[in-house]
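Visitor: So the protein sequences, as listed, match chains H and E.
So the first sequence is numbered by this note's numbering: it starts at 2 and just counts up by one.
So the second sequence is numbered by this note's numbering: it starts at 2 and just counts up by one.
By construction, the Cβ of each residue, glycine as well, lies at the ideal position given by its N, Cα and C atoms.
Keep in mind it's a predicted model, so treat the numbers as computed, not measured.
2 protein chains.
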Amino acid sequence: MISQKAKYALRALIELARAEPGEALQIADIAERQRIPRKFLEQILLDLKHRGLVMSKRGAHGGYALLKPAASISFTEVLRLIDGPVAPLPCLSQTAYRRCEDCPSESACEVRRAFAAVADAERAVLDATSIADAARPVRRRR
Amino acid sequence: MISQKAKYALRALIELARAEPGEALQIADIAERQRIPRKFLEQILLDLKHRGLVMSKRGAHGGYALLKPAASISFTEVLRLIDGPVAPLPCLSQTAYRRCEDCPSESACEVRRAFAAVADAERAVLDATSIADAARPVRRRR
DNA sequence: GACAATCTCTACTTACTTGATAGACTTTAT
DNA sequence: ATAAAGTCTATCAAGTAAGTAGAGATTGTC
């Protein structure tokens with residue numbers, strides 16, 4: 002299961018992707034439109050900002066906007082940012098590899114062998130899906 | 002990430018799948034061979050027993066054995082049992098469907114649409130992989 | 001310059017989950 | 001009887017999830 006926070010992040014990004022180019026959306030608006038607790042969303046957007054996905058303008062008429070094309074933001078990227086590694090096992094993570102302490106031999110590990118296929122399948126889909134894909138009005142995909 | 006507990010459960014089942022037919026393996030042996038904390042493994046095996054995956058014999062020379070063919074125990078089944086729903090969103094779970102509270106329309110939910118494909122890909126692999134597959138000595142699969 | 005609208009940052013909270021550990025109890029073979 | 005198993009329930013420490021709270025910093029407008 003992905004976290005509620007990741008779900009909110011994706012929905013916020015989708016909302017931003019739907020804004021007019023150049024237009025900044027305000028936290029309160031995004032929160033209302035996507036039914037996200039406002040203070041929680043503040044934190045999430047701040048995270049996304051610190052990680053370089055969005056930019057913000059402060060003060061009156063401030064707001065948030067995407068920092069790169071929605072088509073170039075993959076679900077994988079967002080999930081990694083918010084929930085951490087996408088892989089089902091630490092020893093299969095591309096971005097946060099960690100040996101399993103109790104595993105004597107990685108190449109002989111039966112569980113790892115099986116989950117490698119899962120990880121590949123999962124990533125194939127997640128990498129191929131962008132915020133732009135998800136932001137399309139309805140019907141039709143990719 | 003799957004839990005440590007699920008990893009232990011899979012490894013224990015793999016170990017049981019490798020036992021001689023009719024032979025019962027003891028907790029202590031499985032724990033040692035697979036480097037699983039013994040008391041923790043007790044709980045896990047008890048769970049697996051209550052869910053009908055394995056059987057046990059008590060008393061001296063007791064132990065555990067699979068209750069059905071290793072080839073008929075899928076990874077999905079074990080994961081569901083130990084970690085709960087396999088789906089990435091509650092509203093995509095086959096076995097524990099739950100509506101997302103903040104979602105006004107499921108059919109219009111962009112996040113759901115995207116993750117449906119992930120769930121399918123994931124399940125396809127997990128359903129197709131059995132304990133018997135994982136228990137094969139090395140090399141070769143399916 | 002005052003003020004209000006916004007974003008920013010840090011801390012805190014409550015409940016739950018994870019990964020165990022402990023120990024008393026029951027059953028069975030010898 | 002006894003020792004070798006599995007069974008059951010409780011407990012625990014650390015971490016995570018999902019928020020909430022509130023003071024602070026910027027910026028546009030009058």
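Can you find a C-beta in chain H that's less than 7 angstroms from the C-beta of R19 of chain E?
Guide: Here residue 19 of chain E corresponds to residue number 18 of the second sequence, with the count starting at 1. By this cut-off, R19 of chain E is not an interface position.
Visitor: Please list, in chain order, the chain E residues whose beta carbon lies closer than 7 angstroms to that of L127 of chain H.
Guide: As a first step, residue 127 of chain H must be located in the first sequence, where it is residue number 126. Simply V119.
Visitor: Within a Cβ cutoff of 6 angstroms, which residues of the same chain sit near Q97 of chain H, ignoring the five residues on either side of it in sequence?
Guide: Numbered from its first residue, the first sequence carries residue 97 of chain H at position 96. Residue 97 of chain H is actually Ala in this sequence, not Gln. Only P86 meet the Cβ criterion.
Visitor: Consult DSSP for V55 of chain E and reduce its assignment to one of helix, strand or coil.
Guide: The count along the second sequence starts at 1 and reaches residue 55 of chain E at position 54. Of the three classes helix, strand and coil, the one that applies to V55 of chain E here is strand, per DSSP.
Visitor: Please look up how many angstroms separate the CB atoms of I15 of chain E and E111 of chain H, rounded, as I've assumed it's under 8 angstroms.
Guide: Translated into the one-based positions of the second sequence, residue 15 of chain E becomes position 14. Translated into the one-based positions of the first sequence, residue 111 of chain H becomes position 110. About 5 angstroms; that satisfies the 8 angstroms criterion.
Visitor: Classify K8 of chain H: buried if its beta carbon has 16 or more other beta carbons within 10 angstroms, exposed otherwise.
Guide: Along the first sequence, one-based indexing puts residue 8 of chain H at 7. K8 of chain H is buried by the Cβ-count criterion.
Visitor: Taking the beta strand (DSSP E) that Y65 of chain E falls in, what are its first and last residues?
Guide: As a first step, residue 65 of chain E is located in the second sequence; it is residue number 64 there, counting from the start. Where Y65 of chain E is concerned, the enclosing beta strand (DSSP E) stretches over 64-67.
Visitor: For the structure I just gave you, are there three or more beta carbon pairs, one from the stretch 116-133 of chain E and one from the stretch 126-136 of chain H, closer than 8 angstroms?
Guide: With the cut-off at 8 angstroms, the stretch 116-133 of chain E and the stretch 126-136 of chain H touch.
Visitor: Please confirm whether I83 of chain H and S131 of chain H have their CB atoms less than 7 angstroms apart.
Guide: Locating residue 83 of chain H in the first sequence gives position 82, where the first residue counts as 1. Locating residue 131 of chain H in the first sequence gives position 130, where the first residue counts as 1. No. Outside cutoff.
Visitor: Using only the alpha-carbon positions, how far apart do V79 of chain E and S94 of chain E sit?
Guide: Here residue 79 of chain E corresponds to residue number 78 of the second sequence, with the count starting at 1. Here residue 94 of chain E corresponds to residue number 93 of the second sequence, with the count starting at 1. For V79 of chain E and S94 of chain E, the distance between alpha carbons rounds to 15 angstroms.
Visitor: Which same chain residues end up closer than 6 angstroms to A13 of chain H when comparing Cβ atoms and leaving out the 5 residues on each side of it in sequence?
Guide: Within the first sequence, numbered from 1, the residue matching residue 13 of chain H stands at position 12. Closer than 6 angstroms at the Cβ level, and outside the excluded window around A13 of chain H, lie I31.
Visitor: Quick one: which unbroken beta strand (DSSP E) runs of 3-plus residues sit fully inside the stretch 61-106 of chain E? Chain order, please.
Guide: Within the stretch 61-106 of chain E, the complete beta strand (DSSP E) runs of at least 3 residues are 64-67.
Visitor: Might you give, ordered along the chain, the residues of its own chain that have their beta carbon closer than 8 angstroms to the beta carbon of R141 of chain E, omitting 5 neighbours on each side?
Guide: Residue 141 of chain E sits at position 140 when you count from the first residue of the second sequence. Reliability of the predicted coordinates at R141 of chain E is poor, the pLDDT of 47 falling under 50, and the value obtained from them is presented with this limitation in mind. Nothing listed; no residue qualifies.
Visitor: The ligand ATP and L49 of chain E: does any heavy atom of the ligand fall closer than 6 angstroms to the residue's C-beta?
Guide: The model on display carries no ligand, and the ligand ATP is accordingly not part of it.
Visitor: Between E:A66, E:R59, E:R39, which has its C-alpha nearest L49 of chain E's C-alpha?
Guide: Locating residue 49 of chain E in the second sequence gives position 48, counting from the first residue. If we check each option's Cα against that of L49 of chain E, E:A66 comes out closest.
Visitor: For a contact defined as C-beta to C-beta under 7 angstroms, what are the partners of K6 of chain E on chain H?
Guide: Position 5 of the second sequence, counted from the first residue, corresponds to residue 6 of chain E. The premise fails here: K6 of chain E is roughly 12 angstroms from chain H at the closest Cβ pair, so nothing lies under 7 angstroms.
Visitor: R81 of chain E and P91 of chain E: beta carbons closer than 7 angstroms?
Guide: In the second sequence, residue 81 of chain E corresponds to position 80, counting from 1. In the second sequence, residue 91 of chain E corresponds to position 90, counting from 1. No; because the gap between Cβ atoms is not below 7 angstroms, this pair is not in contact.
Visitor: Distance, Cα to Cα, Q35 of chain E vs I28 of chain E?
Guide: The residue you call residue 35 of chain E lines up with position 34 of the second sequence. The residue you call residue 28 of chain E lines up with position 27 of the second sequence. When rounded, the distance between both Cα atoms is 11 angstroms.
Visitor: Taking a Cβ distance cut-off of 7 angstroms, strictly less, list which residues of the stretch 63-85 of chain H are near chain E, in chain order.
Guide: Cβ contacts with chain E: F76.
Visitor: Who are the neighbours of R36 of chain E on chain H, taking C-beta pairs under 7 angstroms?
Guide: Here residue 36 of chain E refers to the residue found at position 35 when the second sequence is read from its first residue. Near R36 of chain E (Cβ distances below 7 angstroms), the residues of chain H are D103.
Visitor: Comparing C-alpha positions only, which one of H:C104, H:A122, H:A25 sits nearest to G60 of chain H?
Guide: Position 59 of the first sequence, counted from the first residue, corresponds to residue 60 of chain H. Out of H:C104, H:A122, H:A25, H:A25 has the C-alpha closest to the C-alpha of G60 of chain H.
Visitor: Count the other C-beta atoms from every protein chain shown that fall within 10 angstroms of the C-beta of A135 of chain E, then say buried if there are 16 or more, exposed otherwise.
Guide: Counted from its first residue, the second sequence places residue 135 of chain E at position 134. Buried is the call here.
Visitor: Between the Cα of G64 of chain E and those of E:L17, E:R52, E:C104, E:Q5, spot the shortest distance and give me the residue it belongs to.
Guide: Numbered from its first residue, the second sequence carries residue 64 of chain E at position 63. When only C-alpha atoms are compared, the closest one is E:L17.
Visitor: Could you check whether the Cβ of A11 of chain H sits closer than 7 angstroms to any Cβ belonging to chain E?
Guide: For the purposes of this step, residue 11 of chain H is taken as the residue at position 10 of the first sequence. Looking at the sequence itself, residue 11 of chain H is Leu, so the reference to Ala does not match. So yes, L11 of chain H belongs to the interface.
Visitor: Would you tell me roughly how many angstroms separate the C-alpha atoms of T133 of chain H and E33 of chain H, rounded to the nearest one?
Guide: Here residue 133 of chain H refers to the residue found at position 132 of the first sequence. Here residue 33 of chain H refers to the residue found at position 32 of the first sequence. The residue you asked about is not Thr; residue 133 of chain H is Ala in the sequence shown. Rounded to whole angstroms, A133 of chain H to E33 of chain H spans 21 angstroms at the Cα level.
Visitor: In chain order, what residues of the same chain have a beta carbon less than 7 angstroms from the beta carbon of T77 of chain E, not counting five sequence neighbours either side?
Guide: Within the second sequence, residue 77 of chain E is the residue found at index 76, counting from 1. Excluding sequence neighbours, T77 of chain E sits near V87, R124, L127, D128.
Visitor: For A122 of chain E and chain H, any beta-carbon pair shorter than 7 angstroms?
Guide: Working through the second sequence from its first residue, we reach residue 122 of chain E at position 121. Cβ-Cβ to chain H under 7 angstroms: yes for A122 of chain E.
Visitor: What would DSSP say about R143 of chain E, mapped onto helix, strand or coil?
Guide: By 1-based counting over the second sequence, the position of residue 143 of chain E is 142. Below a pLDDT of 50, predicted positions are generally treated as unreliable, and R143 of chain E, at 46, falls in that range; the measurement from the model is reported next regardless. Note: R143 of chain E maps to coil in three-state DSSP.
Visitor: Hey, A109 of chain H and P89 of chain H: beta-carbon distance below 7 angstroms or not?
Guide: Along the first sequence, one-based indexing puts residue 109 of chain H at 108. Along the first sequence, one-based indexing puts residue 89 of chain H at 88. No. Outside cutoff.
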